[in-house]
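>
Numbering (the numbering used here), first residue to last: 363 to 654.
1) Using a Cβ distance threshold of 8 Å, determine whether the region 576-591 contacts the region 623-637, with at least three qualifying pairs required.
2) Relative to the C-alpha of residue 369, which residue among 527, 570, 497 is closest?
3) Looking at the unbroken alpha helix (DSSP H) that takes in residue 432, where does it start and where does it end?
4) Between the beta-carbon of residue 411 and the beta-carbon of residue 611, is there less than 9 Å?
5) With distances taken from CA atoms, which of 523, 522, 525, 488 is nearest residue 508?
6) Hey, quick one: how far does the alpha helix (DSSP H) through residue 509 stretch, first residue to last?
7) Between residue 533 and residue 544, what straight-line distance do the alpha-carbon atoms span, to the nearest angstrom?
8) Who does residue 499 pair with in a DSSP beta bridge?
9) Quick check on the burial criterion: 16 or more other C-beta atoms within 10 angstroms. Buried or exposed for residue 463?
10) CA-CA distance, residue 585 and residue 439?
11) Output the residue ranges of the alpha helix (DSSP H) runs that lie fully inside the region 551-626 and measure 4 residues or longer, sorted by chain position.
12) Since residue 406 is in the alpha helix (DSSP H), which residue starts that stretch and which ends it?
13) Whole angstroms are fine: how far does the CA of residue 420 sit from the CA of residue 391?
Structure representation (structure tokens):
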């Protein structure tokens, strides 16, 4: 075996896995705070990428202006969806809320196609393009910097989740909504905060994914693999999302190179089935996960 090539393939997979992990955090954040399984996370990611495209390419704004504006737009989208669609559904049958998020995803894809058509687009460059070597192993610049940015964002999120007052409110609401109400926490505001933060994180993931592989409505399918990531890691486990994202990204890269691209998702879903057979609540999820 060519070990140098294997290391390069593994590094590329871990870089892709960091985006799975970042997007999975947005998914887990919504679930922990509101107990909503949001299948529109891939579409929210897609919208974030298109917002950056519109601001950077359409309006010719500098990337250091376009990216924050796209992130804010993603956050506002998340809050709008929560306030206008999800909150009125709280207390309904979980499968009804689940289906509503599927409908939201279809609406977002249709809206993007109406505005920008389904033709693939390229994002304005915003990452260094110099060749990156780790020892003798080469890694594509976009993959390397995408991993670095994702790692920094994840670390920042974990710090905010642990020490920021809003993060404390999120953790309290996720642990026990009744107790959070009793402690004076504005639970509906926490719901909006969770969806807003998740929208910003998803938008950032979309921008990074678009920088690596271009922008198109098909980006929304990224959310399908993210769903597998969070189920494998545990729907309510941030650590599980991180670990499962990196693992699945690495597995898909190695299998795609050595066995063929048609087997990438096959091995992912085989892993999903094995985990569900042994631990239906995920590797690090709570045993009390509600089944749909």
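Every residue, glycine too, gets a C-beta built ideally from N, C-alpha and C. All of these numbers come straight from a predicted model, not from anything done at the bench.
Looking at the coordinates:
1) yes
2) Residue mapping note: residue 369 aligns to position 7 of the chain shown, counting from 1. When only C-alpha atoms are compared, the closest one is 497.
3) Along the chain shown, one-based indexing puts residue 432 at 70. Residue 432 -> alpha helix (DSSP H) spans 425-443.
4) Counting from one through the chain shown, the residue named residue 411 turns up at place 49. Counting from one through the chain shown, the residue named residue 611 turns up at place 249. No. Outside cutoff.
5) Residue mapping note: residue 508 aligns to position 146 of the chain shown, counting from 1. If we check each option's Cα against that of residue 508, 488 comes out closest.
6) Numbered from 1 along the chain shown, position 147 holds the residue referred to as residue 509. Segment 503-525, the alpha helix (DSSP H) holding residue 509.
7) For this step, residue 533 is matched to residue 171 along the chain shown. For this step, residue 544 is matched to residue 182 along the chain shown. So the alpha carbons of these two residues sit roughly 15 Å apart.
8) Residue mapping note: residue 499 aligns to position 137 of the chain shown, counting from 1. Partner(s): 496.
9) For the purposes of this step, residue 463 is taken as the residue at position 101 of the chain shown. Under the 10 Å beta carbon count, residue 463 is surrounded by 16 or more other beta carbons and is classified as buried.
10) Taking the first residue of the chain shown as 1, we reach residue 585 at position 223. Taking the first residue of the chain shown as 1, we reach residue 439 at position 77. Computed Cα separation, rounded: 17 Å.
11) 584-595, 600-620
12) Locating residue 406 in the chain shown gives position 44, where the first residue counts as 1. For residue 406, the enclosing alpha helix (DSSP H) begins and ends at 403-415.
13) In the chain shown, counting from the first residue as 1, residue 391 sits at position 29. In the chain shown, counting from the first residue as 1, residue 420 sits at position 58. Distance between the alpha carbons of residue 391 and residue 420: 32 Å.
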